[in-house]
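First the structure, in the form of structure tokens, and then the observations on it.
This is how it looks when you write it as structure tokens:
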């Protein structure tokens, strides 16, 4: 039998995780499900558990949500915020805008966006200044290094 899944520990361990999409980093919804998910996680037998896990992570003060990896909802643990800040220019404004869901009085959800650098705590900014871009990419993982290579290759291609 599987031990009780801790979504915050999962994000802490991996540092950068997708909420549910397929991509270059681990996927929280599939980690909760314990298997690949075909289609929407809402219809999965563990859909309620997945919702609870996503909510717990989104509500944690140690995690921020961005559209960082391939434009998909991505959770980033606090220990990696300095790396995100250090690479903010490279990642682009849309990727480093923090996203938070808010429940309206009507019961609907809406996304509240906090642009970079308004979400950045002072200690995170200080830690970011001590990182080189290469160190920041290494901390974020293979997707950030790969993204940099892909963007560099595209910049070298002649237009047309």
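In our numbering, the protein residues as written are 48 to 207.
Note that the Cβ used here is the ideal one computed from N, Cα and C, for glycine as well.
If you're wondering where the values come from, they're calculated on a predicted model, not measured in any experiment.
Can you tell me whether residue 128 is buried or exposed, with buried defined as 16 or more other CB within 10 angstroms of its CB?
-> Locating residue 128 in the chain shown gives position 81, where the first residue counts as 1. With 16 or more Cβ atoms within 10 Å of its Cβ, residue 128 is classed as buried.
Alpha carbon to alpha carbon, how far is residue 172 from residue 66?
-> On the chain shown, residue 172 is found 125 positions in, with the first residue counted as 1. On the chain shown, residue 66 is found 19 positions in, with the first residue counted as 1. About 25 Å.
Would a C-beta distance cut-off of 8 Å place residue 161 and residue 185 closer than the cut-off?
-> Within the chain shown, residue 161 is the residue found at index 114, counting from 1. Within the chain shown, residue 185 is the residue found at index 138, counting from 1. Contact flag unset, no.
Beta-carbon spacing of residue 124, residue 109 below 8 Å | As a working note, residue 124 is residue 77 in the chain shown. As a working note, residue 109 is residue 62 in the chain shown. Yes; because the gap between Cβ atoms is below 8 Å, this pair is in contact.
Sub-8 Å separation of residue 130 and residue 183 beta-carbons | On the chain shown, residue 130 is found 83 positions in, with the first residue counted as 1. On the chain shown, residue 183 is found 136 positions in, with the first residue counted as 1. The answer is yes: Cβ separation under 8 Å.
Pairwise C-alpha distance: residue 193 and residue 203 = Position 156 of the chain shown, counted from the start, is the residue given in the question as residue 203. Position 146 of the chain shown, counted from the start, is the residue given in the question as residue 193. Annotation note: pLDDT 43 at residue 203 (below 50); position unreliable, coordinate value reported separately. So the alpha carbons of these two residues sit roughly 16 Å apart.
Assigned secondary structure, residue 91 (DSSP; H/G/I helix, E/B strand, else coil) = Residue 91 sits at position 44 when you count from the first residue of the chain shown. The answer is coil: DSSP assigns residue 91 none of H, G, I, E or B.
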